[in-house]
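> Quick note, the sequence shown lines up with residues 245 to 417 if you use this note's numbering.
Glycine is no exception: its CB is placed at the ideal position from the N, C-alpha and C atoms.
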Amino acid sequence: MSNWYMLTLIGKDQPGIVARVTSALFESGCNLGEASMIRLGSNFTIMMMVRSDAGVQGLRAVLQPVIDSLALVLHVDAIEAQLHQRPIPDVRILVHGADRAGIVAQVTSRAADAGLNILDLESDVGGTEANPIYILQIEGSAARGVEAIEKALAPLQAEGVKVDVSPIETMIG
Numbered sequence: 245m246s247n248w249y250m251l252t253l254i255g256k257d258q259p260g261i262v263a264r265v266t267s268a269l270f271e272s273g274c275n276l277g278e279a280s281m282i283r284l285g286s287n288f289t290i291m292m293m294v295r296s297d298a299g300v301q302g303l304r305a306v307l308q309p310v311i312d313s314l315a316l317v318l319h320v321d322a323i324e325a326q327l328h329q330r331p332i333p334d335v336r337i338l339v340h341g342a343d344r345a346g347i348v349a350q351v352t353s354r355a356a357d358a359g360l361n362i363l364d365l366e367s368d369v370g371g372t373e374a375n376p377i378y379i380l381q382i383e384g385s386a387a388r389g390v391e392a393i394e395k396a397l398a399p400l401q402a403e404g405v406k407v408d409v410s411p412i413e414t415m416i417g
């Protein structure tokens, strides 16, 4: 019986994290599904779906030498894989504004109320330390259409937050 798990690993960015984690999993007979790996600040984080018959403790045992040597933190959850069911985004939201608390909460709350299901979200802080600019990019599915998202986010413009909402044209086939 095959079981799927979501592995989350976090640690200080350094060369070899991906190679060592994926090699340890491969050598123990695991199979990878979807994965997301990204550097945030000076940290590196991995989220990956892993199929293994070893169970939670077995996965921890396989990865323990890597975790110890690279000073990583590991979290493991049993999941339903549901591979090959990735929704296609139909809307992109780009947000720029003076960095302040609450931008992400305001944008995502208003968008969710307008029917947005977030599929991917990335943010960064640009500008300078004296004048930071918050940059947010969201892709998702707009259940009630792009116009509903635009209308919900329009009031943020008056608060000095630039919001661009655009449809994503996807050609399949």
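1. First and last residue of the alpha helix (DSSP H) that includes residue 301?
2. Should residue 369 go down as buried or exposed, given a rule of 16 or more other Cβ atoms within 10 Å for buried?
3. Mapping DSSP to helix, strand and coil, what is residue 366?
4. What is the rounded straight-line gap between the Cα of residue 387 and the Cα of residue 361?
5. Among the residues of its own chain, which have a CB less than 6 angstroms from the CB of residue 383, if the five just before and after it don't count?
6. Considering residue 381, what are the terminal residues of the beta strand (DSSP E) in which it resides?
7. I think residue 347 touches residue 405, with their Cβ atoms under 8 angstroms apart; what is that distance to the nearest whole Å?
8. Among 294, 374 and 259, whose alpha-carbon lies nearest the alpha-carbon of residue 287?
9. With DSSP as the reference, identify every bridge partner of residue 411, one or two as the case may be.
10. Let me know the secondary structure DSSP gives residue 357 once reduced to three states.
11. Should residue 245 be labelled buried (16 or more other beta-carbon atoms within 10 Å of its own) or exposed?
12. So what does residue 294 bridge to, in DSSP terms?
Quick answer:
1. Position 57 of the sequence shown holds residue 301. Secondary structure note for residue 301: its alpha helix (DSSP H) is the uninterrupted segment 299–314.
2. For the purposes of this step, residue 369 is identified with residue 125 of the sequence shown, where counting begins at 1. Per the 10 Å Cβ criterion, exposed.
3. For the purposes of this step, residue 366 is identified with residue 122 of the sequence shown, where counting begins at 1. Here residue 366 carries a strand assignment [DSSP, helix/strand/coil].
4. Residue 387 sits at position 143 when you count from the first residue of the sequence shown. Residue 361 sits at position 117 when you count from the first residue of the sequence shown. For residue 387 and residue 361, the distance between alpha carbons rounds to 8 angstroms.
5. Here the question's residue 383 lines up with position 139 in the sequence shown. Taken in chain order, the residues that qualify are 333, 336, 363 and 364.
6. Numbered from its first residue, the sequence shown carries residue 381 at position 137. For residue 381, the enclosing beta strand (DSSP E) starts and ends at 376–386.
7. Start at 1 with the first residue of the sequence shown, and residue 347 comes out as number 103. Start at 1 with the first residue of the sequence shown, and residue 405 comes out as number 161. Indeed, because the Cβ distance is near 6 angstroms, the residues count as touching under 8 angstroms.
8. In the sequence shown, counting from the first residue as 1, residue 287 sits at position 43. With distances taken between Cα atoms, residue 287 lies closest to 259.
9. Looking up residue 411 in the sequence shown gives position 167. 335, per the DSSP bridge assignment.
10. One-based indexing of the sequence shown puts residue 357 at position 113. Collapsing the DSSP output to three states places residue 357 in a helix.
11. The residue you call residue 245 lines up with position 1 of the sequence shown. Here the model assigns residue 245 a pLDDT of 43, short of 50, so the residue's position is not dependable, and the following value carries that caveat. Exposed: under 16 other Cβ atoms inside 10 Å.
12. Stepping through the sequence shown from its first residue, residue 294 is reached at position 50. In the DSSP output, where bridge partners are listed per residue, residue 294 has 249 and 276.
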